[in-house]
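When you line the sequence shown up against my numbering, it's residues 303 to 652, in that order.
Note that the Cβ used here is the ideal one computed from N, Cα and C, for glycine as well.
As the structure is a computational prediction, the values presented were derived from the model and not from experiment.
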Amino acid sequence: MKHVRGQKVFLSDADLTSLIYTHYGLTVHSIERVLAIPKVHTDQGIFGFKNANELKDLPFVAHCIEWVKQNHFACIPSVLPCHNGQVYFEYKNELYYMEEWAKGGDILFADLSLCERIGAALAHFHHASEGAVPPPDSSRMEYGSRTHKLNGLYQNIQKWKAEYKPVPEWNFEPWMLEVLEKRCRLAYSYIQRMEEEHGEVKGVLCHGSLHQRNILLDADDKIYFIDVESLVFAERSYDLASFIHYYAPSFNWNPAVIYRFIKGYQEHSKQSLSFNEWKFLFSFLAFPRRIESWCHRHFGSLTPSESTYFKLLGILVHDQTKESLFTQFRPDILESSFQLFHEMAKGRLG
Numbered sequence: 303m304k305h306v307r308g309q310k311v312f313l314s315d316a317d318l319t320s321l322i323y324t325h326y327g328l329t330v331h332s333i334e335r336v337l338a339i340p341k342v343h344t345d346q347g348i349f350g351f352k353n354a355n356e357l358k359d360l361p362f363v364a365h366c367i368e369w370v371k372q373n374h375f376a377c378i379p380s381v382l383p384c385h386n387g388q389v390y391f392e393y394k395n396e397l398y399y400m401e402e403w404a405k406g407g408d409i410l411f412a413d414l415s416l417c418e419r420i421g422a423a424l425a426h427f428h429h430a431s432e433g434a435v436p437p438p439d440s441s442r443m444e445y446g447s448r449t450h451k452l453n454g455l456y457q458n459i460q461k462w463k464a465e466y467k468p469v470p471e472w473n474f475e476p477w478m479l480e481v482l483e484k485r486c487r488l489a490y491s492y493i494q495r496m497e498e499e500h501g502e503v504k505g506v507l508c509h510g511s512l513h514q515r516n517i518l519l520d521a522d523d524k525i526y527f528i529d530v531e532s533l534v535f536a537e538r539s540y541d542l543a544s545f546i547h548y549y550a551p552s553f554n555w556n557p558a559v560i561y562r563f564i565k566g567y568q569e570h571s572k573q574s575l576s577f578n579e580w581k582f583l584f585s586f587l588a589f590p591r592r593i594e595s596w597c598h599r600h601f602g603s604l605t606p607s608e609s610t611y612f613k614l615l616g617i618l619v620h621d622q623t624k625e626s627l628f629t630q631f632r633p634d635i636l637e638s639s640f641q642l643f644h645e646m647a648k649g650r651l652g
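Here you go:
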């Protein structure tokens, strides 16, 4: 499993055993490490022990998880409360918490037929999350901000291009800036002039990081969503695009991935995807949060590093395989693809 940056724990087994007994009253039987996250076997079950320094609003996240579970989506791990009722505790100026360890295998090499089931599970998750909304000033509130954010990104990219100073070893930087500009313009072109129609775009509590390693199949063949610390309230197309972004490359961006996944989502959603939501889907695909985050880390830094350079370069090179998708689903022909999707979803086409 991959984890939110900064959740890794480097305490000794002796410290972990003592802290878990002190704050949770659990007896530790054994500890193993999975990508620097302690997987703790106790007398009351198996839990992940994580750093919460970057999750100061963990109480809200824990509340959302319980809200979703109470609304009949059980396939998501809970945060374990401490003896004092808090969801995290402090030790040596660091915050820590524990959550249930979901058992199951990831879907990294799953076949295409699983797309519809994952779409259905996501529809159930979105339905169960209705009513869980972060405060308006929370960093987790992104609904309605997409156009403004893209405008800001475009201005930043222009600034970075104007101030660019060549680094001989980083000869791909000019290409990276051109790709970022092109994709930002494309992402905006899908949703421009939508301010008056944004009410037709449903806002939901999104998982926020719906890649393959955050989706498990348990022993009963149920689909679990894990590592929900990236929860964000946004247009529901955000989660749809996130899954497609990570899952479709394994199938060479075959449009069938999109159609089958969204077909499963539609069939189990109370509200069908609108054309405006279809626009948002491709906007999020054109400029995903991952690219946004790393372009700021590199070009927005006063001291860009070799590590951020190679990370962003790798992400952009990998994302170039997506170009065929934007040829098939250009903004000017998007409505016809949306109508085709509905025909396929209704079973009228093969």
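Can you find the residues in the same chain that come closer than 8 Å, C-beta to C-beta, to residue i, ignoring five residues on each side of it along the sequence?
{"i": "Ser571", "result": "Ala425, His428 and His429"}
{"i": "Tyr445", "result": "Gly505, Phe535, Ala536 and Glu537"}
{"i": "Met303", "result": "Residue confidence is low: Met303 scores 35 on pLDDT, short of 50, so the model does not pin down where it sits. No coordinate-derived value is stated."}
{"i": "Asn395", "result": "none"}
Given a cut-off of 8 Å on the beta-carbon distance, is the pair residue i and residue j in contact?
{"i": "Ile339", "j": "Val311", "result": "yes"}
{"i": "Glu401", "j": "Pro383", "result": "no"}
{"i": "Gln388", "j": "Lys352", "result": "no"}
{"i": "Phe584", "j": "Phe640", "result": "no"}
{"i": "Asp520", "j": "Lys358", "result": "no"}
{"i": "Phe391", "j": "His450", "result": "no"}
{"i": "Pro436", "j": "Phe553", "result": "no"}
{"i": "Cys417", "j": "Val559", "result": "yes"}
{"i": "Phe643", "j": "Tyr561", "result": "yes"}
{"i": "Asp408", "j": "Arg495", "result": "no"}
{"i": "Cys377", "j": "Lys613", "result": "no"}
{"i": "Tyr393", "j": "Leu360", "result": "no"}
{"i": "Gly347", "j": "Lys341", "result": "no"}
Who are the near neighbours of residue i in its chain, counting only those whose CB is closer than 6 Å to its CB and skipping five residues on each side?
{"i": "Ser576", "result": "Glu502"}
{"i": "Ile322", "result": "Leu328 and Val330"}
{"i": "Leu636", "result": "none"}
{"i": "Leu512", "result": "Asp541, Ser544 and Phe545"}
{"i": "Phe270", "result": "Because the chain is modelled from 303 through 652, residue 270 falls outside the range shown and cannot be assessed."}
{"i": "Gly652", "result": "Summary for Gly652: the model assigns pLDDT 40, below 50, so the residue's position carries little reliability; its value from the coordinates is reported in the next sentence. Closer than 6 Å at the Cβ level, and outside the excluded window around Gly652, lies no residue."}
{"i": "Trp472", "result": "Tyr611"}
{"i": "Val306", "result": "Its pLDDT being 45, under 50, Val306 is placed unreliably in this model, and the value from its coordinates should be taken loosely. Counting only Cβ-Cβ distances below 6 Å, and skipping sequence neighbours, we find Glu531."}
Output needed for residue i: all residues of its chain with C-beta closer than 7 Å, excluding positions within five of it in sequence on either side, in chain order.
{"i": "Gly555", "result": "Correcting the residue identity first, residue 555 is Trp in this sequence and not Gly. Hits under 7 Å: Thr623, Lys624, Ser626 and Leu627."}
Under 8 Å by Cβ, that's how I've got residue i and residue j pegged, so tell me the actual separation to the nearest angstrom.
{"i": "His509", "j": "Leu479", "result": "So it is not a contact: roughly 31 Å between Cβ atoms."}
{"i": "Lys581", "j": "Tyr492", "result": "5 Å"}
{"i": "His620", "j": "Thr610", "result": "Rounded, the Cβ-Cβ distance is 16 Å, inconsistent with contact."}
{"i": "Phe563", "j": "Gly421", "result": "4 Å"}
{"i": "Trp369", "j": "Ala423", "result": "Not a contact, Cβ separation roughly 17 Å."}
Sort out for me which residues DSSP pairs residue i with in a bridge.
{"i": "Cys508", "result": "Val534"}
{"i": "Met443", "result": "Phe535"}
Does the segment 457-465 touch the segment 477-488, meaning 3 or more C-beta pairs lie closer than 8 Å?
As far as the Cβ criterion goes, the segment 477-488 touches the segment 457-465, which means the pair count is three or higher.
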